[in-house]
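Residue numbers (the numbering used here), protein chains in the order written: chain L, 1 to 633; chain G, 1001 to 1236; chain V, 2001 to 2183.
All C-beta atoms in this analysis are idealised placements derived from N, C-alpha and C, irrespective of residue type, glycine included.
All figures in this text were calculated on a predicted structure; none of them were measured in a lab.
Beneath this line is the structure, given in structure tokens, with notes to follow.
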Amino acid sequence: MALNDMHAEGVAGIVDRVVAHYRRDSNNMLQILREVQEACDWIPPEAIDRLQAVLGVPRTKIEGVAGFYSFLYTQPRGKYRILFSDNVTDNMQGNRALMERLCSSLWVEPGKVSEDGLLSIDKTSCTGMCDQGPAMLVNNRAITRLTAARIDEIAELVRNKVPLGEWPADFFQVEDNIRKADIMLDSRLQPGDALRAAHARVPSDGLMSSNMRSWREGLPSGIGGPAAMLDEIKRANLRGRGGAGFITGLKWEACRNAPLKAGQQRFVVCNADEGEPGTFKDRVLLTSYADLVFEGMTAAAYAIGARRGFLYLRGEYRYLLEPLMAVLERRRKEKILGTDILGIPGADFDIEIHLGAGAYICGEESALIESLEGKRGTPRNRPPFPVTNGYLDQPTIVNNVETFAAAALIALNGGEWYASVGTRHSAGTKILSVSGDCERPGLYEYPFGVSIRQVLADCGAQDVQAVQVSGPSGICLSPAEFERTIGFEDIPTAGAFTIFNNSRDMFEVARNYVHFFQHESCGFCTPCRVGTSLLKNLMDKLHNGCGSPYDFAEIEKLNQLLQSMSHCGLGHTACNPVLDTIAKFRPAYERRLAQKDFVPAFDLDQALAAARQMTGRDDPGAHIIKEEFGEDA
Amino acid sequence: MSQTFILDGKTISFADGQTIMQAATQAGVFIPHLCYHPDFKPHGSCKLCTVKVNGRQTASCTMRAIAGMVVESDTPEINAERLALTQMLFVEGNHFCPSCEQSGNCQLQATAYHLGMMSPHFDHFFPNRAVDASHPDVLLDFNRCILCSLCVRASRDVDGKNVFALSGRGIKTHLIVNAKSGQLADTNFTLDDKAAHVCPVGVILKKRRGFAVPIGERTYDKQPISATAKAVAEER
Amino acid sequence: MNAPKKKLKVATTSLAGCFGCHMSLLDIDERLFTLLEHIEFDRSPLTDIKTCSPDCDIGIIEGGLCNAENVHVLREFRDNCKILIAIGACAINGGLPAQRNHLPLTTILEEVYHTSPGLMNGMIPNDPELPLPLNKVHPIHEVVKIDYFMPGCPPSADTIWKVLTDLLAGKEPELGHGLMHYD
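Below you can see the structure in the form of structure tokens.
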């Protein structure tokens, strides 16, 4: 299909069409490159030539962006680009064996393109299907519940060059798996209700003055809705659901009060770059509660005075793009998005969807903004913060999907109602993405304050050794801690809840996470770029049986360095899984310290293999024996 | 210049908007750095200039000075971490000083001397990186690139050419040049560019000048890199 | 410095190195006499002793690891010396020999013995007397634990003198500006 397009239209034609669609605006570079690739299967040099010519941007900028994102290819990767999700839960579900099966069935080496150029098979970071894994992406379309039989079917389809659009629909079936619903997942919001409620609300005393510089600047004075909306968010004591827990009301107010220079405006950005391994709640919210999310964004725009919004959707959720566009279009028709919202003249707000392309770092809000601007997703130096200097250097709020959904509920039912749910410092509910060793993986919504033990009981987890809360950057809990609770007072979380039973090797869990951070480090700062690689090498050294107490001390030194010197949260938290598992599951490491004294990270005898092969020698002198050293030293 | 802060027990004056690095350098206090250059917008990526401000670590090249702040820089703890970062840069690339034209003028090397680096400590990556000798006047040896992006900033912000950029991600991040061929000769780069003169290591080298000044008589052979801050202070 | 009761046994060797560091050691000139009041040389190119005594105090290693024999010698030193010192750029980061590391060993052997004219009738030597090359050249600290490092190509006589006298005085060696060089 894509190949035919390419022949009919030519690369330049494709580029011209995509560039026109994006208004020839190089701020949309990432979207442009993504769509060019969708049409061409990769980003050929001729496409870059054409982009350079029609956008008038230097080649370095285009290549710099294309080179940053895992899902953009400047080398051919085949007509079928297969990526196995490689989260620890996928490992537990047997993804490695399935990948080997597919590779041997299709005669292709992992990471390489098949000799006929038809396909490539590789691994990718968690694709957010942990509740129905093992999972893969084929040309960025998610396939779930992989089995050996399904792998064999896929091999057959690829061999027969069946277009992806004609593959069995049930391959692409993604279940919501809502296991426990509370105020959010049980809400039956009629689109527009929350906006009408927000608009009708009268502000409390004292907020009227701050309302004067609001979004409604162009409207008749005296409309207190925006200030009242902000007031309700504050009253709700809503805190960010992305994990850090910043107070939403303060963020919105800071953005609303940020001065605008001539020609500037404010922006609302929804962070749907749900990349933390083990998290998949945003996938479900955007599948079945998209109106709630968009309504929350619109209410936020109303409160801070924004006319443009973005949903930054992770590339792994590409399949949600068309359904979400349809929801936006319906909302425009219903006059709850677009111009003159609810029939109020000048009440304008619209939402664009931007897709990521395989970069976990873009979940960091300033990196996300860089990516929205069509750049490499490198976290900015802060201050200044996005609330004053965000998208295109203009005031911007960035909130999590679940935060906006909660904001819609608050707009509808008021802040007091919301604050009455949960605990004193953690108002409302939290959706947990439960996966790993349990009978019923899926979404569980609880009022804050729920204990780990309760969640484990509800999802049918037995013989539990550990729970990783909030993904690799979060915390690893041992059974002694299962009375602890979810909430900002105790364990804050973005929602991942990954369960490990007693058969699991916690060292290997940590090693998977270290590999993840190494792969996702943006490379901007020295400690994270090099440190995550060194840490990965050391964990692999232990895995290979070459670890000694020396290497263990090195790991601890790197942990310290990453925490203190890194540029952003990725580096600061990259060692968390190692620190936690060392502290709580030390025997898993001690088993790995097979060597009393330092030994090399590589196999010395293997390092002679090439020379042995070339000389045809296999005499004793052509080998280096491991035991020669170390035993008697 | 009426506002002050404390740096390692010393009172430092600063003007509004100045960073800790700028104020310290003006006062003759050296803070190790590689990606910072007074002529360009600070980048904050090498992290060598990390200091402790009121107990929290931050890059001094991007952090604005605030009156009354207490800053620690020259402490054994911070210098040990700076040393580890320097060692990381040495093992990440291919830094063979004896065969490098820039030896003695190299800020990475001089910073390693300053921090007392006796060995690179970590296992070497020995990456496979290219050398680009296509340009008539300039040699590019990517083996030594530390990704400070000074040439990127100079070419973009001063020369208005965008000859250089970073591509790739993570440990695969690398410097690229603005040509389809990937060759410097096919760009509009010249020796007059600011970008030709900002590389702190031995990536961007003028051809036929390598040993015009003999080893042993070069910048950091004569004085340690820490003397550069004093020179700035004396000039004022 | 106070003369120790018993002289320290010092062994030295050059692995994948050029003996330049050993030349620099000799460059300490008349200070060698002072040094010899405190040390005696064991296995070393200076003594022509072929194997380390089991009770060496200090081993000084020049050069990196290029082949199997280098590994055997390095292990012998580690097994028999209380303290190991890496001397010079090659021991510390592989140095000049390590600049082959970006090429696969197969390519190098092909180029040298098959493609280029002249050697061994186009045969790669396979005599068991010859040590096999490792696929990459490694600094010695990647294979055994190294206690001290003396950078330089070679380190100057003054640098060597400073490190050795610091060690003999029981101090952590420290090189200030002028003594610390990588070139």
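Closer than 8 Å to the CB of lysine 2145 of chain V there is at least one CB belonging to chain L. Bounds of the alpha helix (DSSP H) holding asparagine 559 of chain L are 549-565. The DSSP-derived three-state label of lysine 123 of chain L is strand. Between methionine 136 of chain L and isoleucine 2124 of chain V the beta-carbon gap is near 44 Å, outside 8 Å, which marks them as no contact.
By the C-beta density criterion, alanine 149 of chain L is exposed, having fewer than 16 other C-beta atoms within 10 angstroms. Counting only the Cα atoms, phenylalanine 516 of chain L lies some 53 Å from glutamate 2040 of chain V. For the 8 Å CB-CB criterion, alanine 272 of chain L and tyrosine 312 of chain L form a contact. Legend: CB atoms of the stretch 1138-1158 of chain G lying less than 8 Å from CB atoms of chain V are not found in any residue. Below the 7 Å Cβ cutoff, chain V contributes Leu2105, Leu2132, Pro2133 as neighbours of alanine 611 of chain L, in chain order. Interface annotation, methionine 1118 of chain G: in contact with chain V, CB-CB separation under 8 Å. For leucine 1089 of chain G, the C-beta contacts it makes with chain L under 8 Å involve Thr526, Val530, in order along the chain. Segment contact: the stretch 2087-2095 of chain V against the stretch 590-609 of chain L, fewer than three CB-CB distances shorter than 8 Å; contact not assigned.
Residues Lys1194 of the same chain have their beta carbon placed closer than 7 Å to that of valine 1158 of chain G, with the five preceding and five following residues left out of the count. For the C-beta of proline 1098 of chain G, the chain V residues within less than 8 Å are, from N- to C-terminus, Ala2089, Gly2095, Leu2096, Cys2153, Tyr2182, Asp2183.
With 16 or more other Cβ atoms from the protein chains shown falling within 10 Å of its own Cβ, phenylalanine 310 of chain L counts as buried. For alanine 1110 of chain G, the enclosing alpha helix (DSSP H) stretches over residues 1107-1114. At the C-beta level, valine 467 of chain L and isoleucine 499 of chain L come within 8 Å of one another. For serine 1073 of chain G, the nearest beta carbon of chain L is not closer than 8 Å to its own beta carbon.
Taking CB atoms only, tyrosine 1113 of chain G has a neighbour in chain V less than 8 Å away.
The criterion of a C-beta distance shorter than 8 Å is not satisfied by phenylalanine 2149 of chain V and serine 1099 of chain G. Judged by beta-carbon spacing, proline 447 of chain L lies within the 8 Å limit of valine 421 of chain L, meaning their Cβ atoms are closer than that value. Valine 327 of chain L places its beta carbon less than 8 Å from that of phenylalanine 294 of chain L. Assigned with DSSP and collapsed to three states, methionine 136 of chain L falls in strand.
The CB of glycine 1168 of chain G comes closer than 8 Å to the CB of Gly67, Phe68, Gly523 in chain L, given here in chain order.
For the beta strand (DSSP E) assignment, the uninterrupted runs of no fewer than 3 residues enclosed by the stretch 326-411 of chain L are, from N- to C-terminal side, 350-355, 396-400.
The stretch 1129-1146 of chain G and the stretch 1079-1093 of chain G touch, with no fewer than 3 CB-CB distances between them shorter than 8 Å. Threonine 60 of chain L has a beta carbon lying within less than 8 Å of a beta carbon in chain G. Contact between the stretch 123-136 of chain L and the stretch 92-110 of chain L is established, with three or more Cβ pairs separated by less than 8 Å.
Going by beta carbons, threonine 1019 of chain G and cysteine 1046 of chain G fall outside the 8 Å limit. Residue environment analysis places methionine 2180 of chain V among the buried positions, since at least 16 neighbouring C-beta atoms fall within 10 angstroms of its C-beta.
According to the DSSP assignment, asparagine 95 of chain L belongs to the alpha helix (DSSP H) that extends over 95-106. If you ignore the 5 residues before and after alanine 194 of chain L, its C-beta comes within less than 7 Å of the C-beta of Glu295, Ala299, Ala408, Ala411, Leu412, all in its own chain and listed in chain order. Contact note: threonine 1062 of chain G reaches chain L through Asn381, using a C-beta cutoff of 8 Å and chain order. Taking threonine 2165 of chain V as reference, the option from V:Leu2096, V:Arg2075, V:Ile2028, V:Cys2153 with the minimal CA-CA separation is V:Ile2028. Using a CB distance cut-off of 8 Å, glutamate 2040 of chain V does not count as an interface residue toward chain L. Chain G has no Cβ within less than 8 Å of the Cβ of leucine 33 of chain L.
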